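Per the working numbering, the sequence shown starts with residue 1024, numbered consecutively. Cβ atoms here follow ideal geometry from the backbone N, Cα and C, with glycine treated the same way. Predicted model only: the values in this text are computed from it and were never measured.
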Amino acid sequence: MQTHAVDHPLVAHKLTTLRDVNTDSPTFRRLADELVTLLAYEATRDVRVAAATVQTPLVQAEGVQLASPKPLVVPILRAGLGMLDGMTRLLPTAEVGFLGMIRDEGSLQAQTYATRLPEDLSGRQCYVLDPMLATGGTLAAAIQLLLDRGADHVTAICLLAAPEGLKYMEQAFDGTRVPIRVVTAAVDSHLNEQGFILPGLGDAGDRLYGVV
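Right under this line is the structure:
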């Protein structure tokens, strides 16, 4: 597994505002959307392309286009939905699947409650959207589900990651031959006793959509 923390002034600027407790939900949603697009630029560096020829107003030109099968973007509900527009803005032709997962606050284990994905993901590159990589359990379970269905390249895009979560992921996928990457805006200090990232930005779902 590879981890890439994006080192860019605009990424750091937007992340700082997302961390601010005084940032309201509309502003948080807008900045999260913008930040995801910046992260997606790095995350799609290895997206598969095929050679293509187009006719310019003057001559033919050689170029590339996204290869088939199309990439699959998978937001983890509910907080991952706040990252979807930012991702599909960069990959408008990608297909979108949905995965509903919730973390049991007692055991901190991930439980799946909804799945809307193709049964066969053979040959597919998948991009998983999950704002917070905390303990790693939810993201690891989501990626394993994709691997079980045949995905052969998985990239997770996270606003923040904790060292404990990254270590869990590395152990969970040690020896896995399928390339797995985590692209994040920052790797924070550690998790608190409740499994929240510090300094973090709070509960991403609540800050995106309010407490429900």
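Assigned exposure category for residue i - 16 Cβ within 10 Å defines buried
i	result
Pro1032	exposed
Pro1222	exposed
Pro1098	buried
Thr1039	exposed
Leu1081	exposed
Arg1147	buried
Val1077	exposed
Val1087	exposed
Arg1112	exposed
Val1096	buried
Pro1115	exposed
Pro1049	exposed
Arg1230	buried
Gly1103	buried
Ala1066	buried
Ala1137	exposed
Bridge-paired residues (DSSP) for residue i
i	result
Leu1189	Answer is none; Leu1189 lacks a bridge partner.
Leu1152	Pro1098, Ile1180
His1027	Val1206
Gln1134	Ile1125
Val1119	Val1096
Arg1139	Phe1121
Leu1214	Ile1220
Nearest to residue i (by Cα), restricted to the options the options
i	options	result
Val1123	Gln1025, Ala1117, Asp1153, Ala1035	What sits at residue 1123 in the sequence shown is Gly, not Val. It is Asp1153.
Arg1172	Ile1180, Ala1209, Leu1182, Val1201	Val1201
Leu1062	Asp1229, Val1206, Leu1224, Thr1050	Val1206
Thr1060	Leu1170, Leu1168, Lys1037, Ala1090	Lys1037
Pro1092	Val1119, Gln1217, Gln1194, Ala1055	Val1119
Asp1069	Leu1224, Val1177, Asp1197, Gln1194	Val1177
Cys1149	Leu1170, Thr1135, Ala1209	Leu1170
Val1029	Asp1229, Tyr1191, Arg1204	Arg1204
Tyr1191	Ala1157, Leu1089, Leu1224	Ala1157
Val1151	Phe1051, Gln1167, Gly1225, Ala1035	Gln1167
Ala1074	Asp1056, Ile1220, Glu1085	Glu1085
Arg1042	Ala1090, Leu1183, Gly1198, Gly1233	Leu1183
His1027	Tyr1232, Ala1179, Phe1196, Leu1144	Ala1179
Asp1056	Cys1181, Gln1134, Pro1094, Arg1071	Cys1181
Asp1143	Phe1121, Gln1134, Ala1174, Ala1133	Ala1174
Val1034	Ala1209, Asp1226, Gly1225	Ala1209
Thr1135	Ala1165, Ser1145, Met1155	Ala1165
Arg1139	Leu1224, Ala1133, Leu1100, Phe1121	Phe1121
task: Would you list, in sequence order, the uninterrupted beta strand (DSSP E) runs of no fewer than 3 residues that lie entirely inside the stretch 1038-1117?
output: 1072-1078, 1083-1089, 1095-1100
task: Specify whether the stretch 1159-1170 and the stretch 1105-1112 touch according to this definition: at least 3 beta carbon pairs, one from each stretch, less than 8 Å apart.
output: no
- prompt: Do the stretch 1213-1222 and the stretch 1173-1188 touch if we need at least three Cβ pairs shorter than 8 Å?
  reply: yes
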